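Taking it in order: structure first as structure tokens, then the write-up.
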Amino acid sequence: MPAARPSLRHPLTLAGLLTWATVAMTLHLGQPDHLALRWGCAGLFLAAYLGTLLYPAREHLRRWLLLVEAGSALGLAMLPGSGIAPALLVLLAAQAAATWPLRQALLWMGLVNLVLYLLLRPMHSQPLLVVLSFAGFQGFAMLTVHYAQVAEQARDRLTLAHVDLLATRALHADQLRDAERLRLSRELHDVAGHKLTALRLHLRALASAPGASAELQLCQQLSAELLTDLRAVVQAMRDTGQLDIATALRALAAPLPRPRLELDIDEHVRIDNPELAHVLLRCVQEALTNSARHSQARTLHVQLSQDGSTLRLCIADDGSLRQLPRWGNGLTGMHERIVEQGGQLQVGRSASGSLQLQARFPA
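One rule links them: number in this note's numbering = place in the sequence shown (from 1) + 597.
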């Protein structure tokens, strides 16, 4: 899952700031001409760089900030006495690889380096050598970021698979307990209940005969009470045969660092259908993923209630969305599962910008 907001003390962030500081130190080594302009370009680059760190979820803003970084770095590189200003493009390359697919990032940096070559050509004896030397560092930074993202995505997929396994195992264990409980209730009803009924009939016949002893009448009464108790136990075992959806949902969210799951399940909710329980698990799992990925939420509130013949699932987080997430495979799959159960799905956002999902199922 993506991090909520990169810390300024993160090693990669510190490395980027150190690179900028090194470039800034070289600005005084050249001629004093255009010193203010050089510092203006360097300061603009730093402001844009920090902006990408402070607002990582705003993809549109991030692209504009990268464009500002490119312009300020190129402007600094063309000024006399700018030192190793093209080194700032290494930071830009790393951020481009983190923002766009690798092929698109390579095209972007290729265009930036072409502009750098055209700017250096009138003022440098070997502009191609300078551009290629810095391009090598840029490529290394881009590949490092790319493969780090690939490893992180693989870790996320493994985490989600592990979470899915835990939740499915909890639900499957509950189904096995329910099946065993149902089997025992049937055995009690079919075997023990049948024999107790026969015993009660025989005892009643003997107790109703002339001269029957009080002990025989007591045995007949006890057999009747035992049969009544047995039927009550069988009925209770059948009535408690509902799936423990709360345990499965908690197992679903337990391994995830965020968002934290808050459950509010009405005491009247009964879920006997394993397929419906599986759909509820998938809905909450997709909501957890979307909240962490798009809204940077810390808490996800899940409310499950039953109103007559309608089962309601309401999911809301405390994050902030600028716009609703696009209907990718996750939300589309969630909608298809809900429709298969005869339900409806609504996706929206609150006035504060939090993600809200509402699903209705026939109970």
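We treat Cβ as the ideally placed atom computed from N, Cα and C, and that holds for glycine. Here the structure is a predicted model, which is why all the values come from computation and not from measurement.
Specify the secondary structure class of residue i as computed by DSSP and reduced to three states.
i: Arg909; result: strand
i: Pro852; result: coil
i: Gly945; result: strand
i: Arg879; result: helix
i: His721; result: coil
i: Ile935; result: helix
i: His898; result: strand
i: Ala956; result: strand
i: Gln893; result: coil
i: Asp863; result: coil
i: Asp761; result: helix
i: Arg660; result: helix
i: Leu626; result: coil
Which whole-angstrom value describes the C-beta separation of residue i and residue j, a residue pair presumed to lie in contact below a C-beta threshold of 8 angstroms?
i: Val727; j: Gly680; result: 12 angstroms between Cβ atoms; not a contact.
i: Asp863; j: Gln903; result: 6 angstroms
i: Ala694; j: His743; result: 5 angstroms
i: Leu849; j: Val760; result: 6 angstroms
i: Phe737; j: Leu685; result: The Cβ separation is near 15 angstroms, so there is no contact.
i: Thr616; j: Val687; result: 7 angstroms
i: Ala874; j: Ile842; result: 5 angstroms
State the Cα-Cα distance for the pair residue i and residue j, rounded to the nearest angstrom.
i: Cys638; j: Leu673; result: 6 angstroms
i: Met706; j: Ala690; result: 6 angstroms
i: Ser810; j: Thr794; result: 21 angstroms
i: His865; j: Thr610; result: 51 angstroms
i: Leu785; j: Gln832; result: 11 angstroms
i: Thr765; j: Pro608; result: 38 angstroms
i: Gly729; j: Ser917; result: In the sequence as presented, Gly is not what sits at residue 729; that position holds Leu. Computed Cα separation, rounded: 42 angstroms.
i: Pro856; j: Asp914; result: 8 angstroms
i: Leu671; j: Asn710; result: 9 angstroms
i: His631; j: Leu715; result: 21 angstroms
i: Gly939; j: Ala960; result: 10 angstroms
i: Pro719; j: Val712; result: 12 angstroms
i: Val944; j: Asp861; result: 19 angstroms
i: Arg655; j: Thr844; result: 35 angstroms
i: Ala600; j: Leu779; result: Annotation note: pLDDT 42 at Ala600 (below 50); position unreliable, coordinate value reported separately. Straight-line Cα distance between these residues: approximately 46 angstroms.
i: Arg946; j: Leu954; result: 8 angstroms
i: Gln692; j: His769; result: 44 angstroms
i: Ala804; j: Leu813; result: 6 angstroms
i: Ala789; j: Thr886; result: 50 angstroms
i: Ser669; j: Leu704; result: 19 angstroms
i: Gly613; j: Ala732; result: 17 angstroms
i: Ala618; j: His625; result: 12 angstroms
i: Leu952; j: Leu773; result: 35 angstroms
i: Asp753; j: Gly930; result: 19 angstroms
i: Ala802; j: Cys816; result: 12 angstroms
i: Leu755; j: Leu824; result: 53 angstroms
i: Ser749; j: Asn926; result: It should be noted that the sequence gives Glu, not Ser, for residue 749. When rounded, the distance between both Cα atoms is 20 angstroms.
i: Arg606; j: Pro724; result: 36 angstroms
i: Arg890; j: Gly950; result: 15 angstroms
i: Trp924; j: His932; result: 10 angstroms
i: Ala667; j: Asn870; result: 57 angstroms
Please tell me whether residue i and residue j are closer than 8 angstroms, where the distance is taken between their beta carbons.
i: Arg879; j: Arg934; result: yes
i: Val876; j: Val899; result: no
i: Ser888; j: Leu901; result: no
i: Gln682; j: Met739; result: Per the sequence presented here, residue 682 reads as Ala, with Gln not at that position. No.
i: Pro852; j: Leu910; result: no
i: Ala894; j: Ile912; result: no
i: Arg635; j: Leu676; result: yes
i: Ala645; j: Val665; result: yes
i: Ala821; j: Arg797; result: yes
i: Tyr652; j: Arg660; result: no
Considering only C-alpha positions, which residue in the set the options is nearest to residue i?
i: Leu942; options: Gly950, Gln701, Leu928 and Ala948; result: Leu928
i: Leu858; options: Leu846, Ala802, Ala618 and Ala745; result: Leu846
i: Thr649; options: Gly640, Pro629 and Thr696; result: Thr696
i: Leu781; options: Ala758, Gln750, Ala948 and Leu827; result: Leu827
i: Gly678; options: Arg700, His721 and Thr623; result: Thr623
i: Leu699; options: Ala745, Pro724, Asn870 and Asp869; result: Ala745
i: Glu872; options: Thr907, Ser906, His932 and Glu937; result: Glu937
i: Ser906; options: Ile868, Leu708 and His791; result: Ile868
Compare the C-beta of residue i with all C-beta atoms of chain D and state if any pair is closer than 8 angstroms.
i: Leu762; result: Absence of chain D from the displayed structure is noted, only one protein chain being present.
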